[in-house]
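Residue numbers (our numbering): 44 to 613. All remarks here apply to the structure that follows.
This is the structure:
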């Protein structure tokens with residue numbers, strides 16, 4: 044038997060030993076194989092795998108670096124090195140590694156594919172799509188590459204293109220469960236029956252497939268079969284406890300079903316679901332409050348997640364003030380001025396760096412995340428306290444803005460049509476042009492409340508429709524939330540998709556019509572289900588989108604607005 048064949052046999056045996064975690068014996072065989080030049084690259088890749096399994100990441104990287112230096116066109120070494128970097132959280136270095144590999148292997152479909160996946164994980168969607176398109180071009184019969192291309196197309200919002208890629212992958216390999224799951228995922232909203240069939244096929248091919256169980260659960264949420272949805276999410280988590288996307292979906296389903304004690308308990312794990320590497324409670328030395336008596340005690344509340352959530356959480360501070368001696372609130376710097384005016388008896392401090400310990404000493408015996416107040420103060424429907432506005436805008440600024448927008452007797456409406464929150468924004472956002480029937484209602488001045496509004500979109504809508512939308516250049520949406528609050532307070536009514544604007548209007552007790560996507564299985568738990576009112580905000584009316592396009596709903600809102608204006612309702 045030749046030396047190369049002996050080395051190959053040794054490496055096969057070593058791989059079997061690694062699989063059974065006999066790392067010492069495996070390393071001995073691999074080091075013997077290193078003496079054979081024809082198998083040296085494969086030996087170094089396997090040795091790196093042994094080191095990685097033992098937690099010796101530096102040694103593993105050294106072996107892979109040596110392998111590509113010895114043989115720059117050895118694909119497996121480049122792929123292994125990039126995978127190692129990715130596994131240890133070095134996504135940019137993994138990308139750099141694969142781009143370097145392409146200088147030696149420009150027509151390697153494997154390298155283009157892995158580069159696309161690394162870019163996808165970083166959210167570099169356009170670059171990921173380009174890399175995966177190249178992989179498919181170089182290996183058109185490789186089903187997995189088409190499946191990965193479907194994933195990135197789905198992420199960029201190209202549902203039709205994603206479905207096509209998944210179907211092409213299935214045609215090449217009908218036994219690929221990832222392709223059936225991907226197809227089911229992109230069909231959820233527009234063809235539930237076909238989506239269910241695809242996901243069931245994925246589960247037939249891979250029983251206990253957590254992603255497919257999760258997607259079936261989302262379909263059940265869409266159909267308001269909430270108990271079934273919760274069971275499916277539990278099955279997904281049982282199959283893969285680390286698949287926390289299912290936990291996020293389960294939390295939303297529990298809220299939608301108003302199973303509040305269970306929902307709040309699940310919600311306590313939101314930081315894991317959000318992918319935070321460190322528990323934010325560690326920023327403060329105080330123990331966490333779990334509901335024990337606060338008589339003669341001070342508490343720190345740190346609001347969290349986003350401006351809308353922070354505003355919603357602030358609605359529970361008045362209840363907390365009735366049972367705590369003193370309260371300190373750490374909030375976004377953008378909300379500091381507004382919170383100081385609204386809660387003069389509380390100590391308000393701005394958050395400087397959410398990833399680091401608070402740099403100032405806080406007068407408190409205990410701490411709590413703002414979102415966790417709900418489990419203690421809003422654990423049942425009757426615990427929601429009606430209010431007439433707990434945030435207080437600057438009355439002088441609000442009056443000046445009101446005078447600027449309209450003559451006496453004119454109805455002033457604020458409009459916001461988009462959400463820029465990355466995970467949910469595309470589901471909530473509408474085109475400004477969709478609102479033209481609303482903007483045609485007579486006797487109304489419309490003012491944009493849209494953060495990051497595109498002047499070109501506004502100009503095009505006005506040119507094509509002949510209607511007008513007032514944009515106030517003196518209101519700084521990015522840097523002056525107190526000014527934005529004054530602008531909202533100057534409105535007779537706010538009409539908006541679900542975003543920070545609706546929370547702000549609701550907290551100011553300004554009438555607000557909130558447009559919510561019907562397919563709500565991810566994150567929009569605040570609005571519950573099957574109701575047009577909100578227990579968080581008494582002045583809110585909820586409009587739920589139930590059609591593939593918003594045209595019918597906008598016509599309904601326009602009719603309601605005409606009736607409101609005609610009736611003189613303010």
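Note that the Cβ used here is the ideal one computed from N, Cα and C, for glycine as well. Since we're looking at a predicted model, the values are computed, not measured.
Just verifying my parser: in three-state terms, what is the DSSP assignment at residue i?
i, result
"residue 294", "helix"
"residue 401", "coil"
"residue 579", "coil"
"residue 571", "coil"
"residue 233", "coil"
"residue 210", "helix"
"residue 250", "coil"
"residue 386", "coil"
"residue 33", "Residue numbering for the chain in the displayed model covers 44 to 613; residue 33 lies beyond these limits and cannot be assessed."
"residue 135", "helix"
"residue 317", "coil"
"residue 147", "helix"
"residue 202", "helix"
"residue 50", "Low local confidence applies: a pLDDT of 48 at residue 50 is under 50, so the model's placement there is unreliable, with the coordinate-based value given in what follows. Looking at residue 50 - three-state DSSP - the assignment turns out to be helix."
As a quick exercise: from the options, pick the residue whose alpha carbon is nearest that of residue i.
i, options, result
"residue 224", "247, 293, 369", "247"
"residue 422", "202, 302, 194, 396", "302"
"residue 300", "56, 284, 313, 267", "267"
"residue 350", "176, 115, 177, 547", "547"
"residue 293", "275, 283, 544", "275"
"residue 93", "110, 115, 68, 365", "68"
"residue 537", "521, 557, 336, 198", "557"
"residue 375", "85, 413, 170", "413"
"residue 424", "307, 433, 510, 560", "307"
"residue 492", "534, 483, 508", "534"
"residue 159", "192, 147, 148", "192"
"residue 111", "98, 99, 125", "125"
"residue 560", "577, 590, 551, 543", "590"
"residue 100", "122, 127, 114", "127"
"residue 196", "189, 103, 340, 205", "205"
"residue 597", "584, 478, 551", "478"
"residue 463", "495, 483, 429, 440", "495"
"residue 500", "486, 459, 523", "459"
"residue 57", "86, 552, 549, 310", "86"
"residue 213", "259, 242, 234, 136", "242"
"residue 252", "269, 240, 280", "280"
"residue 359", "485, 184, 386, 453", "386"
"residue 200", "189, 176, 229", "229"
"residue 509", "484, 245, 527, 334", "484"
Tell me residue i's beta-bridge partners as DSSP assigns them.
i, result
"residue 536", "456"
"residue 586", "558"
"residue 373", "345, 392"
"residue 410", "331, 343"
"residue 66", "In DSSP, residue 66 forms no bridge with anything."
"residue 513", "490"
In or out: residue i buried (at least 16 other Cβ within 10 Å) or exposed?
i, result
"residue 321", "exposed"
"residue 506", "exposed"
"residue 47", "Low local confidence applies: a pLDDT of 47 at residue 47 is under 50, so the model's placement there is unreliable, with the coordinate-based value given in what follows. With fewer than 16 Cβ atoms within 10 Å of its Cβ, residue 47 is classed as exposed."
"residue 319", "exposed"
"residue 95", "buried"
"residue 399", "exposed"
"residue 64", "exposed"
"residue 593", "buried"
"residue 373", "buried"
"residue 236", "exposed"
"residue 576", "exposed"
"residue 554", "buried"
"residue 220", "buried"
"residue 317", "exposed"
"residue 344", "buried"
"residue 415", "buried"
"residue 273", "buried"
Check for me: the alpha helix (DSSP H) holding residue i runs from which residue to which?
i, result
"residue 161", "152-164"
"residue 265", "253-265"
"residue 351", "350-357"
"residue 100", "100-113"
"residue 436", "Run containing residue 436: none; DSSP gives neither H nor E here."
"residue 595", "594-609"
"residue 94", "83-96"
"residue 179", "168-181"
"residue 500", "498-508"
"residue 276", "269-282"
Tell me where the beta strand (DSSP E) around residue i begins and ends.
i, result
"residue 489", "487-491"
Could you check whether the Cβ of residue i sits closer than 6 Å to any heavy atom belonging to the ligand SAH?
i, result
"residue 304", "Only the bare structure without any ligand can be found here, which leaves the ligand SAH out of the picture."
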